[in-house]
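Order-wise, the sequence lines are chains C and D. Going by my numbering, the final residue of the first sequence carries number 1405, and the count climbs one at a time with no gaps. Going by my numbering, the final residue of the second sequence carries number 864, and the count climbs one at a time with no gaps.
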Amino acid sequence: MSSFTAKADTATFKERTDAALADRILKVAVERTAGTAETKRGIAVAAFPDFDAARDRAAAIKDHVVAHLGHYLEMFEANAVAAGAKVHWASTADEACKIVIDLCKAANAKSVARSKSMLGEEIGLPHALAEAGIGRVETDLAEHIIQLADERPSHIIWPAMHKTREQVSALFKAKHRSPHEEETIAAMAESARRQLRGEMLGADVGISGANFLIAYTGAICTVTNEGNAELSLVPPRVHIVTAGIEKIVPSMPHAVHMLRMLARSATGAALTQYTTFYTGPKRPGDRDGPEEMHIVLVDNGRTKMREEGLAEMLRCIRCGACMNHCVVFRQIGGHAYGGTYPGPMGSVLTPVFDGLPQSRDLAHACTLNGKCQEVCPVRIPLPTLLKGWREKSWREGLEPTSMRVGLGVWAWVASRPALYRFGTGIAVRAMRLLGRKGWIDRLPLAGGWTQYRDMPRPAAQTFMAQYNKERRK
Amino acid sequence: MTRNVALFVTCLVDVMRPRIGFAAIRALEAAGCDVVVPQGQTCCGQPALNSGDRDHAAALAKQTIEALEPYEAIVVPSGSCAGTIRCHYPEIFEHDAAWLPRAQAVAGKTWEVMAYLDQVCGWKPEGVTVDAKATYHDSCSGLRELGIKAQPRRLLKNIDGLTFAPLQGEETCCGFGGTFCVKYPAISNAIVGEKADAIDATGADLLLAGDLGCLMNMAGKLNRKGSKVRAFHAIELIAGMGDGPAIGEEA
Chain C
933 MSSFTAKADT
943 ATFKERTDAA
953 LADRILKVAV
963 ERTAGTAETK
973 RGIAVAAFPD
983 FDAARDRAAA
993 IKDHVVAHLG
1003 HYLEMFEANA
1013 VAAGAKVHWA
1023 STADEACKIV
1033 IDLCKAANAK
1043 SVARSKSMLG
1053 EEIGLPHALA
1063 EAGIGRVETD
1073 LAEHIIQLAD
1083 ERPSHIIWPA
1093 MHKTREQVSA
1103 LFKAKHRSPH
1113 EEETIAAMAE
1123 SARRQLRGEM
1133 LGADVGISGA
1143 NFLIAYTGAI
1153 CTVTNEGNAE
1163 LSLVPPRVHI
1173 VTAGIEKIVP
1183 SMPHAVHMLR
1193 MLARSATGAA
1203 LTQYTTFYTG
1213 PKRPGDRDGP
1223 EEMHIVLVDN
1233 GRTKMREEGL
1243 AEMLRCIRCG
1253 ACMNHCVVFR
1263 QIGGHAYGGT
1273 YPGPMGSVLT
1283 PVFDGLPQSR
1293 DLAHACTLNG
1303 KCQEVCPVRI
1313 PLPTLLKGWR
1323 EKSWREGLEP
1333 TSMRVGLGVW
1343 AWVASRPALY
1353 RFGTGIAVRA
1363 MRLLGRKGWI
1373 DRLPLAGGWT
1383 QYRDMPRPAA
1393 QTFMAQYNKE
1403 RRK
Chain D
614 MTRNVALFVT
624 CLVDVMRPRI
634 GFAAIRALEA
644 AGCDVVVPQG
654 QTCCGQPALN
664 SGDRDHAAAL
674 AKQTIEALEP
684 YEAIVVPSGS
694 CAGTIRCHYP
704 EIFEHDAAWL
714 PRAQAVAGKT
724 WEVMAYLDQV
734 CGWKPEGVTV
744 DAKATYHDSC
754 SGLRELGIKA
764 QPRRLLKNID
774 GLTFAPLQGE
784 ETCCGFGGTF
794 CVKYPAISNA
804 IVGEKADAID
814 ATGADLLLAG
824 DLGCLMNMAG
834 KLNRKGSKVR
844 AFHAIELIAG
854 MGDGPAIGEE
864 A
């Protein structure tokens, strides 16, 4: 099992996008959050001295560690072990889940407190915990909403982005023990706090992801705005970290540089409210902290990505800027993408996890406008990587026959200029027959166009015909 | 000094709106260029390239390189097609020792027409009057691949009587995306619907841009929703041809 599957995944991409486009509340919800994020990021980036140079440095840091992954991972392991943590290696999602479940069972865990982690979603951890009969409390407010609603995250930073606060209010009233009465955000947050605090503190195991792994110190870093990571990872007896191997940075200064880029690109903040570095479990004399700390380093296709032309994607720090600025994401939201990760970065990653035949639409459902690359804090050439998937799809014969034949015939004619002139002359005359008063409102073979917009009627003759006639005079 | 330039017409201008090509010639000649239209040209191959069909893209790129390489400069009335030649031809022939230098040579002398007039010729329109309020959409490939932003505005500023209304989200994609708009028409429609609303909200008489694909998409949506905004390629106004029919108007 590669990713946490929900009912929606059985529909086709077209069915999912049609449903999303018809959902006007979804549009309101996505626009509120992504629009705010876009504005705030713009302000934060403008206020940062030479953000472009900072992006170059961030990309260079990631490229360096991705090129020397083995070196830094071994250094991380040695330092984490020296700090008292145990390091586990998982090459697949299933292996990673099995390690976590076995650790939970060894700790005799009845319930785990989980701090939001996209890697956990990627490897299907919520599902694996449920199958093992282990209770799970999601401690991030948005993940708590998702858990109550029995849905999947629709954004990597704001998992419940697809819900309006009005919908969340109704959900809390239906599911919370003592829900809010006043319709304010503060009252709703208080309701969630009443619901969650006891469950959080009563958990046997705390599970988190990691935003960064620091090779020189063996520390892992989490960022949150709610303090839920600290509250769910420090009190339990056991802390389990699941992290992708590309999360490594050499040192603290590198981590701090990446944090600057991450927070600004994600929310426009200078830093998240809580940024915590965890180095090993509780030491003798420490007043609190877990007795055991386990770090599960997960490959799940990452070394293969490095070998197969997707190394640049391993720079990704999961900030969400690409999707916040994507015209397609802003229309369809995250669930329509059908994978763990939505938006441009998700469209590059999902074929790695779910296979290209299941996800070939994603690379095509992109206008190649380049905005995602423009805002990416680590300069991932997302449009180029998406075109790479299009080429693979073409090579492997996954493209529809109509497309292959149509493009083949067009290219054959376009490679013969004289024949092409003849063909375009006929095409222009045929199109003119279909038009009235300058516009064509129904055009065969371009129904997708004329279903929603008119096509201008072409001039009586092509440029080449007119130009060559003029010249002969 | 006379500049010998080749006009790469682009397949869309050739078939859908020839007057953009004639406007480009007129402006280039006014700027002192000697303009040739090489007969071996058809399409730059972008539809194949963006569909993942590398072989056909390479075949059309070779044909285009052969047609264009004899000239001092190649000028294109489209940021998207100029971007394909300038940025993507060298990528296509990355591992082809024979064609890479030729692709790089052609790439290095290919210009979007307004960038060429402004940056290379240092030219500006004189004696052109258009009494209208215009709004400008920055087409994505020109903007992000070629850095075309100030050049068309500098040229348009010299047109007498033309005033400007800023377009909210002027750098936001219009939803055209080449074959994207027919492969995913519902998504494309949602995007261009918002773009058309933003254009209407400016209160402008004219919509200007530098790429016919985007212009057809936006003008076609504006017409379907009953808007009165008229759409032109910016080079048409710059060349003094703004008094002719807008996109979708009969000559």
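Just so you know, even glycine gets a beta-carbon here, dropped at the ideal spot from N, CA and C. Owing to the predicted nature of the structure, the values given are computational and were not obtained by experimental measurement.
Query	Result
Reduced DSSP secondary structure (H/G/I, E/B, other) of PRO1388 (chain C)	strand
Host beta strand (DSSP E) of MET854 (chain D) (start-end)	Neither: MET854 (chain D) is in no beta strand (DSSP E) and is coded neither H nor E.
Contiguous alpha helix (DSSP H) assignments of at least 4 residues, all confined to the region 718-780 of chain D	753-759 and 763-769
C-alpha gap between GLU849 (chain D) and ILE1264 (chain C), whole angstroms	36 Å
CB contact check: PRO1222 (chain C) to chain D, cutoff 7 Å	no
Sequence-distant residues of its chain with Cβ nearer than 7 Å to ALA990 (chain C) (five each side left out)	HIS1189, MET1190, MET1193, PRO1309 and VAL1310
Cross-strand partners of ARG1169 (chain C) (DSSP beta bridge)	None; ARG1169 (chain C) has no bridge partner.
Same chain, Cβ closer than 7 Å to HIS1415 (chain C), five either side skipped, listed in chain order	Given a span of 933 to 1405 for chain C in the structure shown, any question on residue 1415 (chain C) remains unanswerable.
Distance, VAL648 (chain D) Cα to THR615 (chain D) Cα	10 Å
CA-to-CA distance, PRO1213 (chain C) to ASP1170 (chain C), given in whole angstroms	According to the sequence displayed, residue 1170 (chain C) carries Val and not Asp. Approximately 8 Å between the Cα atoms of the pair.
Where ASP1286 (chain C) falls: helix, strand or coil (DSSP)	helix
Proximity of SER754 (chain D) and GLY696 (chain D) at Cβ, strictly below 7 Å	yes
Continuous beta strand (DSSP E) stretch holding TRP1344 (chain C): start and end	Note, TRP1344 (chain C): premise wrong, no beta strand (DSSP E); alpha helix (DSSP H) at 1333-1346.
Where the region 1353-1383 of chain C meets chain D: residues whose CB sits under 7 Å from a CB there	THR1356, ALA1359, VAL1360, LYS1369, GLY1370, TRP1371, ALA1378, GLY1380, TRP1381 and GLN1383
is_contact[LEU641 (chain D), chain C] using C-beta, thresh 7 Å	no
Enclosing alpha helix (DSSP H) for HIS1076 (chain C) [first to last residue]	1073-1081
Inter-residue spacing [alpha-carbon to alpha-carbon] between SER1123 (chain C) and ILE993 (chain C)	42 Å
Stretch-stretch touch, CB-based, cutoff 8 Å, three pairs: the region 1023-1036 of chain C with the region 1069-1088 of chain C	no
Short Cβ contact (7 Å threshold) for GLY1141 (chain C) with LEU1051 (chain C)	yes
Whole beta strand (DSSP E) elements within the region 1012-1056 of chain C, 3-residue minimum	1018-1022 and 1043-1046
heavy atom of the ligand FAD below 6 Å from THR742 (chain D) C-beta	Of ligands this structure carries none, so the ligand FAD is not represented either.
Contact check, LEU953 (chain C) vs ALA803 (chain D), beta carbons under 7 Å	yes
Backbone secondary structure at GLY1176 (chain C) - three-state DSSP	strand
Proximal residues to THR937 (chain C) (C-beta, below 6 Å), its chain only, five neighbours per side dropped	For THR937 (chain C), the predicted model reports a pLDDT of 39, less than 50, meaning its position is unreliable and no value from the coordinates is stated.
CA-to-CA distance, PRO1376 (chain C) to PRO1390 (chain C), given in whole angstroms	15 Å
Cβ of PRO1388 (chain C) within 7 Å of any chain D Cβ	yes
Interfacial residues, the region 940-961 of chain C to chain D, with Cβ spacing under 7 Å	THR949, ASP950 and LEU953
Whether GLY823 (chain D) touches VAL741 (chain D) by CB criterion (7 Å)	no
Nearest-angstrom Cα separation, counted from ARG1262 (chain C) out to GLY1287 (chain C)	25 Å
Beta-carbon gap between GLY826 (chain D) and PHE789 (chain D) smaller than 7 Å	yes
Member of C:GLY1278, C:LEU1128 and C:VAL1173 whose CA lies at the smallest distance from the CA of SER1086 (chain C)	C:GLY1278
Proximal residues, the region 655-672 of chain D versus chain C, C-beta separation under 9 Å	THR655, CYS656, GLY658, PRO660, ALA661, LEU662, ASN663, SER664, GLY665, ASP666, ARG667, ASP668, HIS669, ALA670 and ALA672
Range covered by the beta strand (DSSP E) that runs through GLU1224 (chain C)	1224-1230
Contact the region 659-677 of chain D vs the region 1330-1349 of chain C: 3+ CB pairs below 8 Å	yes
Near-chain D residues of the region 1324-1338 of chain C - C-beta to any C-beta below 9 Å	LYS1324, SER1325, TRP1326, ARG1327, GLU1331, MET1335 and ARG1336
Helix, strand or coil at CYS1153 (chain C) [DSSP, three-state]	strand
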